[in-house]
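> Have a look at this one before I ask anything.
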Amino acid sequence: MSRAAGYGLAGAGTGPLETLGAAKINLHLHVTGRRDDGYHLLDSLVVFADIGDRVVVDPWPLPAGAETVFRLTGRFAADLACTMPADNLAMRAAAALAGRVNRPLPRMIALDKRLPVASGIGGGSADAAAVLRLLSGAWGVPRPVVMDVAGQLGADVAMCVAACPARIAGVGEVVTPLGHPTARLLGGMGLVLANPLMPLSTPAVFKARAASGAVASAPASLPDAGDLPQLLAALADATNDLAPPARVLLPVIADVETALAALPGACFTRMSGSGATCFALFASPDAAKAASVRLAAARPSWWVAAGRVLAVAPEIRETPSAS
Ligand code: C5P
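Printed below as a string of structure tokens:
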């Protein structure tokens, strides 16, 4: 029997599989209420970048008594080194999915951490979602089961499984991918991400917002499709409700937003998620790249990355090794 047959996937190869744990960007984020358990209800439009962590899994079953090999590499690996492998959200995602579909754990999970940790662009959620995408593809797990497992791992994980332009509701687990015309409008736009390399705790930002006495926002009024100027004009009226409390906790965020907005060609600038990463949209990836070079030169202590908005989730491919 071939390994492909063992995976239950016609045509699947035998090697490890890889994909991108894509950075998540909130084009707007309205806090619309609060659940009894303290979690906040949100309305958000999210897109994903072709900038992210490289995530590799070997989905082949772990022999009895063995442990999943966990590899952590990359510029930001050290920020996670104090977390036990079993506590890493990516490992917890593999365990949760394997438990749900009664499969042995995978042999190996490798994360090449290219995104700053605790920075408002998904990070750990993107890695966990990438593991779910890789394993569910290899194991043939239906999407509703994957989304359910994702929703239990963290508020952002389900949207990171979708990894395409989407409207978000609930506490983050209600994910409605945008229709094709709007996804196509956003997909391919250029994007610059900038972070002052200071972590910001999501619960601390929500807490600071509550302490400020801020009231709930209405969901944003956004057109379903239309053209890009119409969408950006509607987004201009929407906000990131977490930006004011985040700026109180980390005033440098205002500098990051100002520096991004001043870049030539920047057409829309905001903070993402609970910060501190901010972003600017550009008409093209080339314009974003040119702007990022300027910003990186002007602010050498910041993390600056340029790329494009993804219209669809990053591809899954076989990889010869985890290195
Ligand atoms: O679910 P996740 O672990 O990503 O959330 C981290 C923290 O952020 C939660 O413990 C909660 O304090 C806060 N949060 C929230 N409302 C959300 C998402 C996160 O209050 N919708």
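So for the sequence shown, my numbering puts the first residue at 212; every next one is plus one.
From the three backbone atoms N, C-alpha and C, an ideal C-beta is built for every residue, glycine too.
Label Val426 either buried or exposed according to how many other C-beta atoms from any shown protein chain fall within 10 Å of its C-beta, with 16 as the threshold for buried.
It is exposed - the Cβ of Val426 has fewer than 16 other Cβ atoms within 10 Å.
> Do the segment 395 to 403 and the segment 271 to 279 meet, that is, are 3 or more Cβ pairs less than 8 Å apart?
These segments do not touch.
> Using a threshold of 7 Å, is the CB atom of Phe490 nearer than that to any non-hydrogen atom of the ligand C5P?
No, since every heavy atom of the ligand C5P falls outside the 7 Å radius drawn around the Cβ of Phe490.
> Can you look up Met302 in the DSSP assignment and give me helix, strand or coil?
It is helical.
> Can Leu446 and His239 be called in contact, C-beta distance under 8 Å?
Yes, they are a contact pair.
> What are the boundary residues of the alpha helix (DSSP H) that Leu364 is part of?
Looking at the DSSP string, the run of the alpha helix (DSSP H) that includes Leu364 is 354 to 364.
> Determine the closest residue to Arg505 out of Gly383, Pro376, Val403, with distance taken between C-alpha atoms.
Here the closest residue by C-alpha is Val403.
> Examine the ligand C5P and report whether any of its heavy atoms sits within less than 7 Å of the Cβ of Asp367.
Result yes, Cβ under 7 Å from the ligand C5P.
> Of the choices Ala444, Lys235, Val266, whose alpha-carbon is the least far from that of Cys478?
The option with the nearest alpha carbon to Cys478 is Ala444.
> Helix or strand or just coil, what does DSSP make of Val382?
It is coil, neither helix nor strand.
> Closest to Leu289 by CA distance: which of Pro327, Pro462, Leu231, Val385 is it?
Note that residue 289 is Ala in the sequence shown, not Leu. The candidate whose alpha carbon is nearest that of Ala289 is Pro327.
> Tell me, which residues are paired with Leu402 by DSSP?
Per DSSP, Leu492, Gly518.
> Measuring straight from C-alpha to C-alpha, what distance separates Pro440 and Met295?
Rounded to the nearest angstrom, the two C-alpha atoms are 46 Å apart.
> Does the Cβ-Cβ distance between Leu346 and Ala305 come in under 8 Å?
It is a contact, given that the beta carbons lie within the stated cut-off.
> Counting only the same chain and skipping the five closest in sequence on each side, list residues whose C-beta sits under 8 Å from that of Asp438.
Excluding residues within five positions, the ones whose Cβ falls inside 8 Å are Leu396.
> Helix, strand or coil: how does DSSP classify Gly226 here?
DSSP places Gly226 in coil when its eight states are reduced to three.
> Shorter than 7 Å, the distance from the beta carbon of Thr294 to the closest heavy atom of the ligand C5P, or not?
Result no, Cβ not under 7 Å from the ligand C5P.
> Exposed or buried, which one is Leu471 when buried takes at least 16 other CB atoms within 10 Å?
Result: buried.
> Please tell me whether Trp514 and Asn406 are closer than 8 Å, where the distance is taken between their beta carbons.
A contact, by the Cβ cut-off of 8 Å.
> Quick test of the definition: if touching needs 3 or more C-beta pairs under 8 Å, does the segment 487 to 495 touch the segment 360 to 377?
Too few Cβ pairs lie closer than 8 Å, so no.
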